[in-house]
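Undergrad: This is the structure I want to talk about, given as structure tokens.
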Amino acid sequence: MSSRKLNVGVIGFGMSAQVFHCPLIASSAHLNLHMVVERRTDKSRELYPATQVARTTEELLEAPGIDLVVITTPNESHFVLAKAAIEAGKHVIVEKPFTVTSAQAKELAALADERKVVLGVYQNRRWDGDFLTVRQIIDAGLVGRVVEFESHFDRFRNFAKPNAWREKDVPGSGMLYDLGSHLIDQALVLFGRPTSVLALVENQRQIPGTTIDDDFTIILRFSSGVKCVLRSSMLARASPVLRYQLRGMNGTYLKHHLDPQEDQLKAGLVPAGSTAAAFGVEPEERWGTLNADVAGVHVVGKVETCQGRYLEFYDNVAKTILSGEREGLIVTAWQAADVIRVIELAKKSSEEGGKAIEF
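If you want this note's numbering, it's the position in the sequence shown, counting the first as 1, plus 106.
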């Protein structure tokens, strides 16, 4: 693998770029935050003085030396921007949700294969510490054969943010595309493609300024017999919020609280330098609990949460590009296309009164 750093160009400098992408790119030993597209300000250069500012996407795509383009703009623009970047010969990472339709997702995945560029989607929640812990528990067989997996990603926001694009009723908006992308991706990582999708997608707040879906329940069924219940609401004020419930023939794993990495990034901590050791570490009082028969012993107690590792997403992208071995990419465009297809089927199921739809 080459030892050089890849030059990264980021399109957009809103919350997603500022909190999730740029701090991780700047923390990676394999990446250089080279250019950011900002329409009106130079905020990125204030935070990252060595970074260049471009006013248009075209300027970034024409700039010499850009290896990887990261798209952090509103959801409806992902397809057009990603296609332009691929056609310019760039490797591309797209903020989730990948695209608005699965047809768009498949078109981009096929185009990236044709042009032999890396195309991935920012499904960082695969590196949540609690999700890594769930994977370990399943792999170790600690709850026996899994029969049900319940996953929540809830918020409490009983108002509409003024002028926020996420609150506008446009293609790709709403909780199903936003937090639903994470929940669905995690379920597919654990259990593969579902056999059926059943869902109820609603606007529960019924407040002026927004008509987006702000609540959903999705039930996925798999050929293994596993049932997944995926739940998200903007009106979940209970504390602590339920995150996971994993049920098996031998017992249950129960987890509350959200992974700490988002809050750490918002507070200015990064997975590099003096804060690296503490980044992604969850305090003991937030660990999940296991109640199960393990090797003939009834075990009841806390399970230490794995350290979260968001930086691994970008390190994997960089190593895949530098090695020239595209099959090493962990989060692929084709996987992301399956996520968008589940979203489409969830919407269809809800529109048909909660009817189960074959995948």
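Backbone N, C-alpha and C fix where the C-beta goes; we use that ideal spot for every residue, glycine too.
I'd like to know if the segment 421-434 and the segment 443-451 are in contact, where contact means that at least 3 CB-CB pairs between them fall below 8 Å.
TA: The segment 421-434 is not in contact with the segment 443-451.
Undergrad: Determine, using beta-carbon pairs with one atom in the segment 392-408 and one in the segment 144-162, whether at least three such pairs fall under 8 Å.
TA: No, because fewer than three Cβ pairs between the segment 392-408 and the segment 144-162 fall closer than 8 Å, the two stretches do not touch.
Undergrad: On a Cα-Cα basis, can you pick out the residue from ALA439, MET355 and HIS136 that is closest to VAL249?
TA: Counting from 1 along the sequence shown, the entry for residue 249 is found at position 143. Considering only alpha carbons, the answer is MET355.
Undergrad: Among GLY278, ARG337 and ALA211, whose alpha-carbon lies nearest the alpha-carbon of ASP260?
TA: Indexing the sequence shown from 1 puts residue 260 at position 154. For ASP260, the nearest C-alpha among the options comes from ARG337.
Undergrad: Along the chain, where does the alpha helix (DSSP H) that runs through ARG241 open and close?
TA: Stepping through the sequence shown from its first residue, residue 241 is reached at position 135. First-last of the alpha helix (DSSP H) with ARG241: 235-245.
Undergrad: May I have the straight-line CA-CA distance separating LEU417 from SER109, to the nearest angstrom?
TA: Position 311 of the sequence shown, counting from 1, holds the residue named residue 417. Position 3 of the sequence shown, counting from 1, holds the residue named residue 109. So the alpha carbons of these two residues sit roughly 18 Å apart.
Undergrad: Run through the DSSP bridge pairs and tell me what THR358 is partnered with.
TA: Translated into positions along the sequence shown, residue 358 becomes position 252. Partner(s): ARG353 and ASN397.
Undergrad: Hey, how far is the Cα of THR178 from the Cα of GLY226?
TA: Position 72 of the sequence shown, counted from the start, is the residue given in the question as residue 178. Position 120 of the sequence shown, counted from the start, is the residue given in the question as residue 226. Looking at the two C-alpha atoms, the distance is approximately 13 Å.
Undergrad: On the criterion of 16 or more Cβ atoms from any shown chain inside 10 Å, does HIS404 qualify as buried, or is it exposed?
TA: Residue numbering aside, residue 404 sits at position 298 when the sequence shown is read from its first letter. The residue in question, HIS404, is exposed, as its Cβ has fewer than 16 Cβ neighbours within 10 Å.
Undergrad: Between ALA305 and THR323, which are expected to be in contact by the criterion C-beta below 8 Å, what is the C-beta distance as a whole number of angstroms?
TA: For the purposes of this step, residue 305 is taken as residue 199 along the sequence shown, with counting starting at 1. For the purposes of this step, residue 323 is taken as residue 217 along the sequence shown, with counting starting at 1. About 7 Å; that satisfies the 8 Å criterion.
Undergrad: Beta-carbon within less than 6 Å of LYS461's beta-carbon, same chain only, minus the 5 sequence neighbours each way: which residues are those?
TA: Walking along the sequence shown from the start, residue 461 turns up at place 355. Same-chain partners within the cutoff: SER455.
Undergrad: Compare the C-alpha of LEU451 against each of LEU375, LEU238 and VAL303 and name the closest.
TA: Residue numbering aside, residue 451 sits at position 345 when the sequence shown is read from its first letter. Taking only the C-alpha atoms, the option nearest LEU451 is VAL303.
Undergrad: Give me the Cβ distance between LEU435 and VAL295, rounded to the nearest whole Å; I'm assuming they're in contact under 8 Å.
TA: The residue given as residue 435 occupies position 329 in the sequence shown. The residue given as residue 295 occupies position 189 in the sequence shown. That belief does not hold up - the Cβ atoms of LEU435 and VAL295 are roughly 14 Å apart, past 8 Å.
Undergrad: Report buried or exposed for GLU388, applying the criterion of at least 16 other Cβ atoms within 10 angstroms of its Cβ.
TA: To locate residue 388, count along the sequence shown from 1; it is residue 282. GLU388 comes out buried.
Undergrad: Who are the near neighbours of GLU254 in its chain, counting only those whose CB is closer than 6 Å to its CB and skipping five residues on each side?
TA: Position 148 of the sequence shown holds residue 254. So the qualifying residues of the chain are LYS333 and ARG353.
Undergrad: Got a sec, what are the start and stop residues for the beta strand (DSSP E) CYS334 sits in?
TA: Walking along the sequence shown from the start, residue 334 turns up at place 228. CYS334 -> beta strand (DSSP E) spans 333-339.
Undergrad: If we require 4 or more residues per run, which alpha helix (DSSP H) segments fall completely within the segment 255-343?
TA: For the segment 255-343, whole alpha helix (DSSP H) runs of length 4 or above, ordered along the chain, are 285-297.
Undergrad: Check whether the segment 369-377 and the segment 128-140 touch, using three or more Cβ-Cβ pairs below 8 Å as the test.
TA: Judged by Cβ distances under 8 Å, the segment 369-377 makes contact with the segment 128-140, as three or more pairs qualify.
Undergrad: Would you mind sorting ASN264 into buried or exposed? The rule is 16 or more other CB atoms within 10 Å of its CB.
TA: Residue 264 sits at position 158 when you count from the first residue of the sequence shown. When all chains shown are included, ASN264 counts as exposed.
Undergrad: Under a three-way DSSP split, which group does ILE436 fall into?
TA: As a first step, residue 436 must be located in the sequence shown, where it is residue number 330. Coil at ILE436, not helix or strand.
Undergrad: By how many angstroms is the C-alpha of ALA266 removed from the C-alpha of ASP321?
TA: Working through the sequence shown from its first residue, we reach residue 321 at position 215. Working through the sequence shown from its first residue, we reach residue 266 at position 160. Cα-Cα distance, rounded: 14 Å.
Undergrad: Confirm, please, whether the CB-CB distance from GLY386 to ARG415 is below 7 Å.
TA: To locate residue 415, count along the sequence shown from 1; it is residue 309. To locate residue 386, count along the sequence shown from 1; it is residue 280. Contact: yes.
Undergrad: Is it buried or exposed, ILE313, if we count other Cβ atoms within 10 angstroms and call 16 or more buried?
TA: One-based indexing of the sequence shown puts residue 313 at position 207. By the 10 Å Cβ count, ILE313 comes out exposed.
Undergrad: CB-CB under 8 Å to HIS362, same chain, minus the five flanking residues each way: which ones, in chain order?
TA: Counting from one through the sequence shown, the residue named residue 362 turns up at place 256. PRO346, VAL347, LEU348, ARG349, ARG392 and GLY394, listed in sequence order.
Undergrad: Is PHE328 closer than 7 Å to GLN292 when the C-beta atoms are compared?
TA: Against the sequence shown, residue 292 aligns to sequence position 186. Against the sequence shown, residue 328 aligns to sequence position 222. Against a cut-off of 7 Å, the Cβ pair of PHE328 and GLN292 comes out as no contact.
Undergrad: Just to confirm the assignment: which complete alpha helix (DSSP H) runs, minimum length 4, are found wholly within the segment 414-458?
TA: The qualifying runs are 417-429 and 439-457.
Undergrad: Given this structure, state the Cα-to-Cα distance separating PHE119 from ASP219, to the nearest angstrom.
TA: The residue labelled residue 119 in the question sits at position 13 within the sequence shown. The residue labelled residue 219 in the question sits at position 113 within the sequence shown. Distance between the alpha carbons of PHE119 and ASP219: 28 Å.
Undergrad: Hey, how far is the Cα of VAL276 from the Cα of ILE318?
TA: On the sequence shown, residue 276 is found 170 positions in, with the first residue counted as 1. On the sequence shown, residue 318 is found 212 positions in, with the first residue counted as 1. Near 9 Å, if we compare the C-alpha coordinates of ILE318 and VAL276.
Undergrad: How far does the beta strand (DSSP E) with VAL198 in it reach, from first residue to last?
TA: Taking the sequence shown and counting its residues from 1, the one referred to as residue 198 is at position 92. Where VAL198 is concerned, the enclosing beta strand (DSSP E) stretches over 197-201.
Undergrad: In chain order, what residues of the same chain lie with their CB nearer than 8 Å to the CB of TRP271, ignoring the 5 residues before and after it?
TA: Walking along the sequence shown from the start, residue 271 turns up at place 165. The residues are PRO180 and SER279.
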